[in-house]
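Asks: The structure follows.
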Amino acid sequence: MKFGVHYAAWIGGEPLVPSARDITLGISERNQKVATIICTNGDFVDEKAADRIASSRSIVPFISIDGLRDLHDKRRGEGSYDNALKAMGRFKERKAMIGYSTTITSENFREVSSERFMDEMVKIAPS
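The working numbering numbers the first residue of the sequence shown as -1 and each following residue consecutively.
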């Protein structure tokens, strides 16, 4: 039975944690007709993962960014903002399409809706 699914998203938890990465990417790679978004914090985007994702044009990674450095690190842990930017950089080097996702809270809604935040996201996105 065909359901006509054109898009899928891996969200929640961390789909690129080493114990799940081969399963997550394998399913996405085998289903090239389904565009897949993988939401990740970037912690497990090493060179191998970046190569694998970039080579599959049906997978689009969305990196979680919940504000600029201070606010993001306060929510997700010190150094997590730099890890997220490093992951974005790896995809940018490979000319992969990327996106970002934001969890909006009462603590960050002003910052993530600001021009400064949007300018920063545009600056680090692939050209």
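Every residue gets a Cβ at the ideal spot worked out from N, C-alpha and C, and that includes glycine.
Since we're looking at a predicted model, the values are computed, not measured.
Taking the DSSP output, what are the residues bridged to ALA33?
Replies: Answer is TYR5.
Asks: Go ahead and pull the three-state DSSP assignment for GLY97.
Replies: Note: GLY97 maps to strand in three-state DSSP.
Asks: Among residues of its own chain, excluding the 5 on either side of MET(-1), which ones have a beta-carbon nearer than 8 Å to its beta-carbon?
Replies: The predicted position of MET(-1) is uncertain, since its pLDDT is 42 and thus under 50; no value can be drawn from it.
Asks: Determine whether the Cβ of PHE42 lies closer than 9 Å to any Cβ atom of chain C.
Replies: This model lacks chain C altogether, as it is built from one protein chain only.
Asks: If you draw a straight line from the alpha carbon of LYS31 to that of ILE25, how long is it in whole angstroms?
Replies: Going by the C-alpha atoms only, they are around 12 Å apart.
Asks: When you compare the CB positions of ILE51 and ALA94, do they come within less than 9 Å of one another, or not?
Replies: Contact flag set, yes.
Asks: Write down every uninterrupted run of the beta strand (DSSP E) in the segment 31 to 71 whose length is 3 residues or greater and which is fully enclosed by it, in chain order.
Replies: With a minimum length of 3 residues, the continuous beta strand (DSSP E) runs that stay inside the segment 31 to 71 are 33 to 38 and 57 to 62.
Asks: For PRO59, which option in PHE107, THR34, GLU27 and GLU91 has the closest C-alpha, if you only look at C-alpha atoms?
Replies: Nearest option by C-alpha distance: THR34.
Asks: Considering Cα atoms alone, identify which of ALA48, GLU12, GLY2 and VAL43 is closest to ASN29.
Replies: ASN29 has its Cα closest to that of GLY2, out of ALA48, GLU12, GLY2 and VAL43.
Asks: Hey, how far is the Cα of SER104 from the Cα of ALA47?
Replies: Taking the straight line from one Cα to the other gives about 33 Å.
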